[in-house]
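Okay, structure first, notes after.
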Amino acid sequence: RRTLRRRPVVNPAIEAEQALVSLCRDRKAWDECCSLDATAFLSDVTGACWRALKAFHDSGDGEVATSSHLRLLGLSSDQILWCSVDASAEDAVTLASHISSAHARRQLQDWAKELHERKIDVEEFLSKQETVKESLTPAATRTYDFADQGYEEAAENFRKIGNYSTGFRIFDCIHRWVPGNIYLLTADTGKGKSFLADSMMAAFSNANGIPGGLITLEMNREQRAMRWIKGYSKEELSRIYMPRRTSWDLNGIIKEIRDGIKAGILFWVVDHFHLIPNTTRMTQTEFESHAARAFERLVTGTQVVILMVCQMSKQGARAGAVSAPSKHDIKGAKAISDAAAGVFILERGEDYDKLIVDKNRFFADGKVVGIHFDWKRLRPSLVDNETAIKEKQYAQCTA
């Protein structure tokens with residue numbers, strides 16, 4: 121006679137927890153569910169996995185927590201296996217909502233028991249009940265506010281936070297820095313990107329009274345100072361922070377800017393993006409896309425502006441010699457320009473030097489502003505096109 125082995129009874133709630141932690145190894149799912157507290161889980165193993173995932177995503181090491189990441193964060197092989205189930209057919213937000221709701225009901229039952237046993241009074245019970253009231257009903261039954269109900273308030277909030285002056289009157293006519301966004305400044309090698317980025321940072325700080333920060337992967341403090349000493353006053357430089365650190369990676373840059381935001385440094389120049397070392401196993405294109413998303417997440421919901429200096433591709437530089445360069449000529453991954461709210465291209469022409477606004481998410485694009493490179497002061501400025509043409513002609517005559 122054969123004895124039939126009984127299959128173990130699986131708790132659906134535990135299965136839901138496993139599915140959720142498996143999904144939340146991906147950063148996008150984690151961002152949607154990270155407010156869920158680890159105490160909401162029935163399984164201690166799930167709680168340990170959840171805390172490890174929080175540590176991973178807080179570090180910003182990658183988009184997906186691999187088994188190697190989780191092992192380095194202290195999870196055992198069994199715990200890693202626990203959060204490695206196939207949950208592709210599940211929805212992380214729905215799972216998190218129902219787990220939170222079940223946790224709230226358990227808490228309410230415990231408090232009702234304490235009330236019955238007179239361990240707490242009615243007033244305390246009602247106060248505790250209020251804290252879980254929103255969680256008692258899963259999010260699937262929530263009401264949805266459509267755009268007509270709040271767009272005026274949202275637009276007003278945007279007007280309040282947006283539109284920092286660029287510090288250049290001619291540039292203010294077509295562009296303003298909008299907090300919580302990344303902007304790109306690109307040109308071919310040796311065209312003066314760093315000169316212009318420094319000038320933009322100083323102009324922003326002077327106009328808005330907000331300090332700026334510079335992370336340079338191309339030049340050290342002494343080399344930068346040799347430029348600044350000619351063109352900038354001590355008062356201007358007192359509003360510019362430049363870390364002493366000389367060796368950078370992506371995580372270090374993200375942490376430096378995050379700490380700086382807390383200290384009130386709300387305009388950052390990263391010079392330049394394509395020199396950030398790829399210390400991962402990703403291909404260079406994958407790494408650049410990953411880095412672009414990391415900077416995009418960093419600025420979201422903040423008051424900071426990041427001006428990223430970028431390299432023009434060789435093909436783009438050759439194309440720019442024939443026709444006007446564009447954001448498509450930036451070296452590397454398309455994700456860089458996709459993440460940016462604005463793309464500015466520095467072009468040094470025979471007739472005059474100019475800044476082309478090729479992308480501008482909040483204002484008009486396709487605009488051109490003249491640039492005057494004052495080589496005696498090593499400080500460029502943005503001017504109208506006629507002035508830029510005259511200055512170029514004068515420089516050519518006196519060369």
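Take 121 as the starting number for the sequence shown in the working numbering and just add one per residue. All C-beta atoms, glycine included, are put in the ideal place defined by N, C-alpha and C.
The region 201-273 contains, as complete alpha helix (DSSP H) runs of 4+ residues, the segments 212-236 and 242-251 (chain order). Within the same chain, Cβ atoms closer than 7 Å to the Cβ of A323 are found at T286, G287 and F288, the five residues on either side in sequence being excluded. Within a 10 Å sphere around the beta-carbon of Q229 sit fewer than 16 other beta-carbons, which makes this residue exposed. Contact between the region 327-345 and the region 134-145 is absent: fewer than 3 CB-CB pairs across the two stretches fall below 8 Å.
Under DSSP, W368 forms no beta bridge with any residue. Q431 sits in a strand when the DSSP states are folded into three classes.
Judged by DSSP in its simplified three-state form, I294 adopts coil rather than helix or strand. Within the region 317-376, the complete beta strand (DSSP E) segments at least 3 residues long are 332-336, listed from N- to C-terminus.
For Y303, the enclosing beta strand (DSSP E) covers residues N301 to A307. Residue range P132 to L143 is occupied by the alpha helix (DSSP H) that includes I134. Counted as a single uninterrupted DSSP element, the stretch harbouring G167 is not any beta strand (DSSP E) but the alpha helix (DSSP H) occupying residues D164 to S179.
For E467, the three-state secondary structure derived from DSSP is strand. Within the DSSP secondary-structure output, Y284 pairs in a beta bridge with W297. Distance from the CA of R497 to the CA of G167, rounded to the nearest whole angstrom, comes to 60 Å. Excluding its 5 nearest sequence neighbours in each direction, T366 has C-beta neighbours in its own chain below 8 Å: N340, listed in chain order. In its chain, beyond the 5 residues on either side, L162, I219 and A222 have a beta carbon closer than 8 Å to the beta carbon of A133. Separation of the CB atoms of G300 and V424 is rounded to 7 Å, and the pair is thereby assigned contact status at 8 Å. With three or more CB-CB distances shorter than 8 Å, the region 381-388 counts as touching the region 425-434.
E137 is the residue among E137, F176, I349 and D178 whose C-alpha sits nearest the C-alpha of A158. Nearest C-alpha to S409 among G490, T420, H394 and G421: H394. Straight-line measurement puts the Cα of L475 at about 51 Å from the Cα of D206.
Secondary structure note for D391: it is in no alpha helix (DSSP H), and the uninterrupted beta strand (DSSP E) holding it is F387 to D391. Cβ contact annotation for S255 (same chain, cutoff 8 Å, sequence separation greater than five): S220, S221, H223 and A224, in chain order. Annotation for R499: the continuous beta strand (DSSP E) segment containing it runs R499 to V503. Shortest Cα-Cα distance from D211 to any of A267, K148 and L235 involves K148. Beyond the five residues adjoining it in sequence on each side, S314 comes within less than 6 Å, by CB distance, of D391 in the same chain, given in chain order. Per DSSP, the unbroken alpha helix (DSSP H) holding H410 starts and ends at Q404 to V419.
For I491, no alpha helix (DSSP H) segment is defined; the enclosing uninterrupted segment is the beta strand (DSSP E) at K487 to D494. In its chain, beyond the 5 residues on either side, V205, A207, E210 and L215 have a beta carbon closer than 8 Å to the beta carbon of A139.
Partner residues in the beta bridge of I426, as assigned by DSSP, are I302 and W388. DSSP places K148 in the uninterrupted alpha helix (DSSP H) bounded by R147 to C153.
The beta carbon of A412 sits closer than 6 Å to those of A455, I456 and A459, all from its chain and outside the five residues before and after it, given in chain order. K479 is bridged by DSSP to V463.
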